[in-house]
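As given, the protein sequences belong to chains B and X, one line each in that order. Position 259 (the first sequence) corresponds to 286 in our numbering; numbering is contiguous. Position 316 (the second sequence) corresponds to 300 in our numbering; numbering is contiguous. Note that CB positions come from ideal geometry on N, CA and C, so glycine has one too.
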Amino acid sequence: MTDTPGPLEYLRRWPIRAWLVVVIVYLYAPLVTLMAFSFNASKRNIVWRGFTLDWYRAAFADQDLIVAFGNSLTIALISTVVSVALGALTALLLWRFRFPAKALLEGALGLPIVVPEICMGVAMLVFFTQVMPWPTSLAWPLNLGAIIISHISFSFSFVAIVIRGRLASFNRELEEAAKDLGAGEWRIFWDVLVPHMQPGLIAGALLAFTLSLDDFVITFFTSGPDTTTFPVKVYSMVRFSVTPEVNAASTILIVLTVALTAFALKISGGTVAAVEAGEGL
Amino acid sequence: MSEPIIRFENVTKRYGKVLAVDNVSLSIGEGEFFALLGPSGCGKTTLLRMLAGFETPTEGRILIDGEDISRTPPNKRPVNMVFQSYAVFPHMTVAANVAYGLVVDGVAAPERSRRVEEALALVKLDGYGGRKPDQLSGGQRQRVALARALVKRPRVLLLDEPLSALDAKLREAMRSELAQLQEKVGITFLFVTHDQDEALAMASRCAVMNRGLLQQVATPSDLYEFPNSRFVADFIGSVNLFEGRLAVDEPDHAVVVAPGLPTRIFLDHGVTGAADSAVWVALRPEKIELHKRGDGRAPPRLEDTPEGCNLVAGVIRQISYLGSESVYEVALEGGGAVKALRSNLTRRDQEDFTWDEPVWLAWHACSPAVLLS
């Protein structure tokens, strides 16, 4: 043991450590500030005036905010389920079969990811007003249909790409082994293919859920007066005035997302991280 | 040979214009340990996969127990396969892997667990049932694949390059273990390999394939000692090949004159159907005797061979010491080179012959094999 850092022990060198500290501060300081000021006993986010839970009470008492929050969760949940199913099937199709327009479909799959969100938003607005108007008078949650559809349309690409990557590492002999042992196509799908896809399914679901939950731009163009989501509601509150109530609501959202992600990672045994790293996502 | 259990009848497989298997007819008997041997791309794996059902023959039929199964899907055939990658299901325990085929078949739970136990004991994995595949070594995973296939009591067990992924020591141990296992369960084993040692060591019979064609089907010793073509002679083991012409061809002896060899090759048997045509003589290195030459020593006398035959003078150019034996590359007087192999029977044997030493090479009249193609 010596005190001089080894050739690969970058973390024991001060310039790297300083860099690391700067990165961490810039990444997390804003979040910590946001959370801290949600407990601030002042109407302004500037000076600390003491601890209070008033803003949380205010947030929970704000009927519009609660409704928006419920809308957001509902939209995220439904769009996740649908886009995981759609994305998984698309990935299977692209992995398993050869057909004439395959390259075209593969290219088109990346489109919702690369097209600027604002363009997607405008496109959705035009689509839902000019081409296929979604009835606004429907009962909840059917009135959220337009938003759900637009969320699915971009998040399913992410799901498909993650699962497609996972399928690339599938050993075809596993499928043949199952068949050799007497299994039919349906059994092979559920007994061999789905277990292999599972980390991809969970990673894809997490992506779809978080993408939907925090989407602002596209939702802004597709939501109506009765169908506000949480990010859209926060935006309108901020335009009115920046109160710590927004901080409190945001803190709840952050805690919820982190908890959900941690839970998903735990049930998938940490493989999601590996899959996401492998996918560069 | 016992009653054939598998029959390939004029089986041909084409991938577009590529001919993978060319009009192969082959019968395999009950209880045989049969090897399909050949270089990569010779069609042996295609033949195996057609038997498993993963490929369909373009022409011809495949019969198991007299029943045409050419179009039967793999999950309905009485054969099971051990895959080259073993293909053990990574998300299932060892016991669940072995039980899988029985679950699919709807075998009741009590009988299932009894048979799984039995199969695991058979491959010496008792007590490993609860483990996951990633907690096993490569050799153990192969045993799981074996148990998983054997538990279904197939008519034929197919093995695709069964030993290629194991390290050298384990491979040797697995050879005899597979042979013992086959004897114990009495099921017909059919395995594919590109490794001739593996085929010779394990198989009761081998089929050698080349470019989609069946070259020779024989026991390992017949393949080695009585090859029917240059390809087989060269593919199995090491060989000295000389092109020549039949000078004498009587019922009880024959003489071949080879331009590359400054001696006549005398054979103690006749060669039929090769009057005056080109022939090839295959001579295995271990069948050539090395004798010291020079210092006025008389050449060795071969009692079964007339004077002036099966004896050449040369000089040792290269020695490959392999421990149990040494391979001597001898340059012949008048050009050409011959490989001779000598067992190192005593601890000082390898010092007997050295580089640049003049030697005589001699062989018996029964040693060379005459090949017509």
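Could you give the residue range of the alpha helix (DSSP H) that holds residue i?
i, result
"X:G85", "78 to 89"
"B:A235", "221 to 240"
"X:F226", "Note, X:F226: premise wrong, no alpha helix (DSSP H); beta strand (DSSP E) at 224 to 233."
"B:M159", "It is not in any alpha helix (DSSP H) - B:M159 carries neither H nor E in the DSSP assignment."
"B:W213", "212 to 215"
Looking at the secondary structure, which residues open and close the beta strand (DSSP E) in which residue i lies?
i, result
"B:N98", "Per DSSP, B:N98 belongs to no beta strand (DSSP E); it is in the alpha helix (DSSP H), 90 to 123."
"B:S263", "Looking at the DSSP string, B:S263 is not in any beta strand (DSSP E); the run it does join, the alpha helix (DSSP H), is 257 to 267."
"X:A324", "321 to 327"
"X:Q302", "295 to 305"
"B:L61", "Where B:L61 is concerned, there is no enclosing beta strand (DSSP E), although the alpha helix (DSSP H) it sits in stretches over 41 to 64."
"X:Y(-1)", "-12 to -1"
Check the Cβ-Cβ distances between residue i and every residue of chain X, and say whether any is below 8 Å.
i, result
"B:R193", "no"
"B:G227", "no"
"B:V219", "yes"
"B:A204", "yes"
"B:D89", "no"
"B:L113", "no"
"B:L208", "yes"
"B:E306", "Legend: pLDDT at B:E306 = 39, less than 50; position of this residue unreliable, value from coordinates given subsequently. No, B:E306 does not count as interfacial toward chain X."
"B:P127", "no"
"B:R214", "yes"
"B:E36", "no"
"B:V201", "According to the sequence displayed, residue 201 of chain B carries Leu and not Val. It does: the Cβ of B:L201 has a partner Cβ on chain X nearer than 8 Å."
"B:N198", "yes"
Buried or exposed: residue i, going by 16 or more other Cβ atoms within 10 Å of its Cβ?
i, result
"X:I48", "buried"
"B:K129", "exposed"
"X:V78", "buried"
"B:V259", "buried"
"B:V299", "With a pLDDT of 47 at B:V299, under the threshold of 50, the modelled position of this residue cannot be trusted; read the value that follows with caution. Burial call: buried."
"B:F124", "exposed"
"B:I140", "exposed"
"X:R125", "buried"
"B:W217", "exposed"
"X:A282", "exposed"
"X:T40", "exposed"
"X:Q166", "buried"
"B:W161", "buried"
"X:T330", "exposed"
"X:A266", "buried"
"X:W264", "buried"
"X:K359", "The question about residue 359 of chain X has no answer here: the residues shown for chain X are numbered -15 through 357."
"B:S106", "buried"
Hey, would you say residue i sits closer than 8 Å to residue j, going by beta carbons?
i, j, result
"X:E291", "X:L325", "no"
"B:W122", "B:R191", "yes"
"X:N64", "X:K136", "yes"
"X:R327", "X:E341", "First, the residue type needs correcting, since residue 327 of chain X is Ser and not Arg in the sequence shown. The answer is no: Cβ separation not under 8 Å."
"X:V343", "X:L274", "yes"
"B:V219", "B:A205", "yes"
"B:A276", "B:V261", "yes"
"X:V8", "X:F18", "no"
"X:L86", "X:L106", "no"
"B:T163", "B:G251", "yes"
"X:A129", "X:V66", "yes"
"B:T255", "B:N98", "yes"
"B:F64", "B:G114", "no"
"X:E317", "X:A346", "no"
"X:P146", "X:L251", "no"
"X:F38", "B:E212", "no"
"B:L208", "X:V176", "no"
"X:L355", "X:A191", "no"
"X:I249", "X:V322", "no"
"B:V111", "B:A235", "yes"
For residue i, decide whether its Cβ has a neighbour in chain D, counting only Cβ atoms nearer than 8 Å.
i, result
"B:G211", "The question asks about chain D, but that chain is absent: this structure's protein chains are B and X."
For chain B, find out if any of its Cβ atoms is closer than 8 Å to the Cβ of residue i; answer yes or no.
i, result
"X:M65", "yes"
"X:V367", "There is simply no residue 367 of chain X to check, as chain X begins at -15 and stops at 357 in what is shown."
"X:Y84", "yes"
"X:P62", "no"
"X:P146", "no"
"X:R132", "yes"
"X:D178", "For the sequence presented, residue 178 of chain X should be read as His rather than Asp. No - not a single Cβ of chain B is within 8 Å of the one on X:H178."
Check your understanding: Between the stretch 219 to 229 of chain B and the stretch 153 to 163 of chain X, do at least 3 Cβ pairs fall closer than 8 Å?
Key -> no
Exercise for review: Tell me, please, whether the stretch 188 to 203 of chain B touches the stretch 236 to 251 of chain B by the rule of three or more beta-carbon pairs shorter than 8 Å.
Suggested key: no
Point to revise | Given 8 Å, three or more beta-carbon pairs between the stretch 216 to 236 of chain X and the stretch 244 to 252 of chain X | key: yes
Exercise for review: Please confirm if the stretch 21 to 31 of chain X is in contact with the stretch 103 to 116 of chain X, defined as three or more CB-CB distances below 8 Å between the two stretches.
Suggested key: no
Practice item. Mind the definition here: the stretch 280 to 292 of chain B touches the stretch 78 to 93 of chain B only if three or more C-beta pairs lie below 8 Å; say whether that holds. Key: no
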